[in-house]
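Residue numbers (the numbering used here), protein chains in the order written: chain W, 1384 to 1557; chain H, 954 to 1572.
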């Protein structure tokens, strides 16, 4: 009886052999290969649809995109960014923890994509969050952007300034 | 707990690839192309579908000039994370053919190693791992060592696995993982003493986070069971006692502790943890086993009455559980499983479920969720969910396609309305006329430099005055030669001289000014001519463009329509696969319960026999 019960014991409880990464089990290859092929085809189709949509909604001659990037982010914890172009609000974005993590790791977020006529335009960005010592912090940055014939890319950069332990907000035209 | 399982199970596959420090640089990436940064933004959030789509678009539009090789590597890594290992492997192989730099080649070999590992081609994976040059960064070296050790363990080369983990100087956050894996490898290699020492040290350490406390529990539990198997029950009990009763290994630890006592012959002591297990309203394996273990202990203590009571109770428990399992099996067969699976459709492409599944109205749902949370279900379930997302996405595109048709039609109509007016205006050739006038002035100024006549640069007023004076002189010259007329003629000549002198005095300044103005006008006039040409060309080509859009939109619509039924069919096959797996698993559990029940009945019968025997012996 004792050996019988011990047999059950060994069968039920699996030793936790691998802790960091377990080898994935062999899949039922037929279904999986089919799924892989479908994924590839949908991705290619999605790319073509995305490009068509962009051409129709945001033709390159009028297209303008605003991006947000963050360098380190030690002196400023971002909560939200608001963007105005020629006095009109075009974006007001509240960030999640995962998005902030993605930004501090080098990710760049496209916060706005729209259309502008060629010529000069005023872009204003407001950054809200927690500054040094966890205090509420709101700063704005303004620039005049020159829209030419091709697509226009503008980057809103949040950079830590170690010389004065303050965040710096910069706007760069690409 | 079961509610959390479905949420958890979709995370695992992602973590297996994303947590790698080698696959993705540990340090923040320096982004030289905004669109590459945008891909990273989605990648870091584990939204692989969006990241791959953005990357493919950026590559197509040639927007990743500074990250060409990296973007290929990233695309391969994304494909791997998104469950497309075949495509990823082909991409990595292509990258190796190129003359890529050392760091990139190392990363490619790392990914190829992972692919072989995931496919269970361990020997091939090891060969690929050997191609990776030893990295400088400690965390990457640790990660490679764990991969190396796992591969050796999979090939039952446990000594080599332990050796691989011994050499590595682990950075913070890795030490405990390396040690537990090394301890396990040593035990499996038969080096019990060394393995025990390694795990014992880890099991005693202070842990300041839940993750480390769980790891510590795991080490103690594993060591306890290994010693139990080796026959050292006293030592085993010691390690099992260290496992927290608030942690995830509570049930296994209680069961093992009871067996350690039973192994020592102390059945009274063994009953304490086993009876504690019976108090838990759980259907998990340790509790099921305790149902048999408790009466077994009473029988060993000679308390047949209690043994009978608990065997009967166990049979009731197994009957009840079996009924539940039967309901779960019926549910899985009748589509309840599919309604549970439909809760995984969240409309986002990432591998995260934000809400726990609702088991309301799902008969014996806890069993189904439990089964779906098993490791073997993760890949098929992920495929099922991915296909659901693709289906939803294509349906949304299909709705949008009609809007695109409308947009192109609206533009075509606007073109038809405006084109005649624009064409009319273009025919006036305003830009070319301006350009001609500019060229005339240009010629004039050039001529001035040769034989300049200051009068050519006279202002309109001066020219008017000049003409008036000329006219006055002609009129006076035709009058009778009277002194009065002669004086007036002389005065007119004198005024003309003054006027000429004034014009001539400003001539150089005027010439310079004119040249400056002509120069300033050159740009705008050239641009106006170019714009005229552009508008003219656009006007001719726009009709062709509309027809092109019509063709493109229709082509894309056809591709969507062709893919949708295939996705639907594949999803059906995927759900059938899940259903088949679930039924197999539920049947295995059912068979186990049947076996337990038979054992309980057999033991119960023996207990009754024993009592009957004892009563027969007593007159």
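The beta-carbon is built from N, C-alpha and C at its ideal position, and this holds for glycine as well.
(request) Use the C-beta contact count for residue 1510/W: other C-beta atoms within 10 angstroms, 16 or more gives buried, fewer gives exposed. (result) Counting from one through the first chain, the residue named residue 1510/W turns up at place 127. The residue in question, residue 1510/W, is buried, as its Cβ has 16 or more Cβ neighbours within 10 Å.
(request) Name, in chain order, the residues that DSSP records as bridge partners for residue 1508/W. (result) Residue numbering aside, residue 1508/W sits at position 125 when the first chain is read from its first letter. Paired residues: 1466/W, 1524/W.
(message) So, under 8 Å CB-CB, residue 1174/H and residue 1155/H are touching, yes? Tell me the CB distance rounded to an integer number of Å.
(response) If you number the second chain from 1, residue 1174/H lands on position 221. If you number the second chain from 1, residue 1155/H lands on position 202. That pair is no contact at about 12 Å.
(request) Please check if any C-beta of chain H sits within less than 8 Å of the C-beta of residue 1474/W. (result) Within the first chain, the letter at position 91 stands for residue 1474/W. By this cut-off, residue 1474/W is not an interface position.
(message) If we define contact as Cβ-Cβ less than 8 Å, is residue 1466/W a contact residue for chain H?
(response) Along the first chain, one-based indexing puts residue 1466/W at 83. Judged by the 8 Å Cβ criterion, residue 1466/W is not in contact with chain H.
(request) May I have a chain-ordered list of the alpha helix (DSSP H) segments no shorter than 4 residues that lie completely inside the stretch 1381-1451 of chain H? (result) 1383-1404, 1413-1431
(message) Taking the alpha carbon of residue 1433/W as the reference point, which residue from 1533/H, 1540/H, 1506/H, 1539/H has its own alpha carbon closest?
(response) By one-based count along the first chain, residue 1433/W stands at place 50. Selected option, being the one with the closest Cα: 1506/H.
(request) Would you mind telling me which residues of chain H sit closer than 8 Å to residue 1500/W, beta carbon to beta carbon, in chain order? (result) Here residue 1500/W is taken as the residue at index 117 of the first chain, counted from 1. What residue 1500/W touches in chain H: nothing, since even the nearest Cβ is about 14 Å away.
(request) Mind reading off the beta-carbon distance from residue 1431/W to residue 1347/H? Whole number of angstroms is fine, and I expect it under 8 Å. (result) Position 48 of the first chain holds residue 1431/W. Position 394 of the second chain holds residue 1347/H. Under the criterion of beta carbons closer than 8 Å, residue 1431/W and residue 1347/H do not qualify as touching, at roughly 12 Å.
(request) Leaving aside the five residues before and after residue 1533/W along the sequence, list all residues of the same chain whose C-beta is less than 7 Å from its C-beta, in chain order. (result) Locating residue 1533/W in the first chain gives position 150, counting from the first residue. So the list reads 1443, once near-sequence residues are dropped.
(message) Applying the 10 Å Cβ sphere with the 16-neighbour rule, what's the burial state of residue 1447/H?
(response) Taking the second chain and counting its residues from 1, one reaches residue 1447/H at position 494. So residue 1447/H ends up on the exposed side.
(request) Could you pull out every residue in the same chain whose Cβ sits closer than 6 Å to the Cβ of residue 1031/H, ignoring the five residues on either side in sequence? (result) Working through the second chain from its first residue, we reach residue 1031/H at position 78. These residues qualify, in order along the chain: 1001, 1004, 1005.
(request) Leaving aside the five residues before and after residue 1051/H along the sequence, list all residues of the same chain whose C-beta is less than 8 Å from its C-beta, in chain order. (result) In the second chain, counting from the first residue as 1, residue 1051/H sits at position 98. In the same chain as residue 1051/H, and ignoring 5 residues on each side of it, the C-beta atoms closer than 8 Å to its own belong to 1022, in chain order.
(message) Using 8 Å as the threshold, is the C-beta distance between residue 1294/H and residue 1140/H below it?
(response) Residue numbering aside, residue 1294/H sits at position 341 when the second chain is read from its first letter. Residue numbering aside, residue 1140/H sits at position 187 when the second chain is read from its first letter. Going by C-beta atoms, residue 1294/H is not nearer than 8 Å to residue 1140/H.
(message) Any beta carbon from chain W within less than 8 Å of residue 1490/H's own beta carbon?
(response) If you number the second chain from 1, residue 1490/H lands on position 537. No - not a single Cβ of chain W is within 8 Å of the one on residue 1490/H.
(request) List the whole-angstrom C-beta distance separating residue 1152/H from residue 1121/H, where the pair is believed to meet the contact cut-off of C-beta under 8 Å. (result) Looking up residue 1152/H in the second chain gives position 199. Looking up residue 1121/H in the second chain gives position 168. No, residue 1152/H and residue 1121/H are not in contact; Cβ-Cβ is about 17 Å, not under 8 Å.
(request) Determine the closest residue to residue 1519/W out of 1454/W, 1472/W, 1427/W, 1463/W, with distance taken between C-alpha atoms. (result) For the purposes of this step, residue 1519/W is taken as the residue at position 136 of the first chain. Per the Cα distances, 1463/W.
(request) In angstroms with no decimal places, state the Cα-to-Cα distance between residue 1520/H and residue 1545/H. (result) Translated into the one-based positions of the second chain, residue 1520/H becomes position 567. Translated into the one-based positions of the second chain, residue 1545/H becomes position 592. Cα to Cα, the separation comes out at about 37 Å.
(request) Quick one: residues in its chain with C-beta nearer than 8 Å to the C-beta of residue 1491/W, no 5 flanking neighbours on either side, listed in chain order? (result) Looking up residue 1491/W in the first chain gives position 108. Cβ within range, chain order: 1450, 1451, 1452, 1538.
(request) Find the nearest neighbour of residue 1541/W within the set 1522/W, 1528/W, 1531/W, judged by alpha-carbon distance. (result) Counting from one through the first chain, the residue named residue 1541/W turns up at place 158. The shortest CA-to-CA distance from residue 1541/W to any of 1522/W, 1528/W, 1531/W is the one to 1522/W.
(request) Take residue 1227/H and list the residues in its own chain whose beta-carbon comes closer than 6 Å to its own, dropping the five residues that flank it on each side. (result) In the second chain, residue 1227/H corresponds to position 274, counting from 1. Here the set comprises 1211, 1243, 1246, 1247.
(message) Can you check whether the C-beta of residue 957/H is within less than 8 Å of a C-beta belonging to chain W?
(response) For the purposes of this step, residue 957/H is taken as residue 4 along the second chain, with counting starting at 1. In this predicted model, residue 957/H has a pLDDT of only 31, less than 50, meaning its place in the structure is not dependable; the value taken from the coordinates is given anyway. False, the Cβ-Cβ gap to chain W never drops below 8 Å.
(request) Determine the direct distance from the alpha carbon of residue 1446/W to that of residue 1498/W, and round the result to whole angstroms. (result) In the first chain, residue 1498/W corresponds to position 115, counting from 1. In the first chain, residue 1446/W corresponds to position 63, counting from 1. If you take the alpha carbons of residue 1498/W and residue 1446/W, they lie about 5 Å apart.
(message) Any beta carbon from chain W within less than 8 Å of residue 1306/H's own beta carbon?
(response) Residue numbering aside, residue 1306/H sits at position 353 when the second chain is read from its first letter. Any reading at residue 1306/H needs caution, since the residue's pLDDT is 48, under 50, leaving its predicted position unreliable; the model's value is listed next. It does not; no Cβ of chain W falls within 8 Å.
(request) Let me know if residue 988/H comes out buried or exposed under the rule of 16 or more other beta-carbons within 10 Å of its beta-carbon. (result) As a position in the second chain, residue 988/H is number 35, starting the count at 1. That one is buried.
(message) I need the straight-line Cα distance from residue 1234/H to residue 1110/H, nearest angstrom please.
(response) By one-based count along the second chain, residue 1234/H stands at place 281. By one-based count along the second chain, residue 1110/H stands at place 157. Cα-Cα distance, rounded: 41 Å.
(request) State the DSSP-derived secondary structure class of residue 1503/W, mapped to helix, strand or coil. (result) Locating residue 1503/W in the first chain gives position 120, counting from the first residue. Residue state, collapsed to three classes: strand.
(request) Determine the chain W residues that contact residue 997/H at a beta-carbon separation under 7 Å, and present them in chain order. (result) As a working note, residue 997/H is residue 44 in the second chain. Residues of chain W passing the Cβ test: 1484, 1485, 1488, 1490.
(request) Find the residues of chain W that neighbour residue 1350/H, judging by a C-beta separation of less than 7 Å, and give them in chain order. (result) Mapped onto the second chain, residue 1350/H falls at position 397. Residues of chain W passing the Cβ test: 1432.
(request) Can you give me the Cβ contacts of residue 1148/H inside the same chain, cut-off strictly under 6 Å, excluding the 5 residues immediately before and after it? (result) As a position in the second chain, residue 1148/H is number 195, starting the count at 1. If we look at residue 1148/H and ignore the five residues flanking it on each side, its Cβ neighbours are 1136, 1139, 1140.
(request) Please list, in chain order, all residues of the same chain as residue 1429/H whose beta carbon is under 6 Å from its beta carbon, the five residues on each side excluded. (result) Residue mapping note: residue 1429/H aligns to position 476 of the second chain, counting from 1. If we look at residue 1429/H and ignore the five residues flanking it on each side, its Cβ neighbours are 1438, 1441, 1442.
(message) Please state the DSSP three-state secondary structure of residue 1093/H.
(response) Here residue 1093/H is taken as the residue at index 140 of the second chain, counted from 1. Residue 1093/H falls in the helix class under three-state DSSP.
(message) So residue 1539/H and residue 1213/H are supposed to be a Cβ contact under 8 Å. How far apart are they, rounded?
(response) As a working mapping, residue 1539/H is identified with position 586 in the second chain. As a working mapping, residue 1213/H is identified with position 260 in the second chain. Not a contact, Cβ separation roughly 32 Å.
(message) Nearest by alpha-carbon distance to residue 1016/H: which of 1037/H, 1402/H, 990/H is it?
(response) In the second chain, counting from the first residue as 1, residue 1016/H sits at position 63. Minimum Cα distance to residue 1016/H is reached at 990/H.
(request) Could you pull the start and end residues of the alpha helix (DSSP H) that residue 1221/H belongs to? (result) The residue labelled residue 1221/H in the question sits at position 268 within the second chain. Run containing residue 1221/H: 1220-1232, per the alpha helix (DSSP H) assignment.
(message) Looking at the strands, I want to know which residues DSSP matches up with residue 1550/W.
(response) Counted from its first residue, the first chain places residue 1550/W at position 167. Per DSSP, 1543/W.
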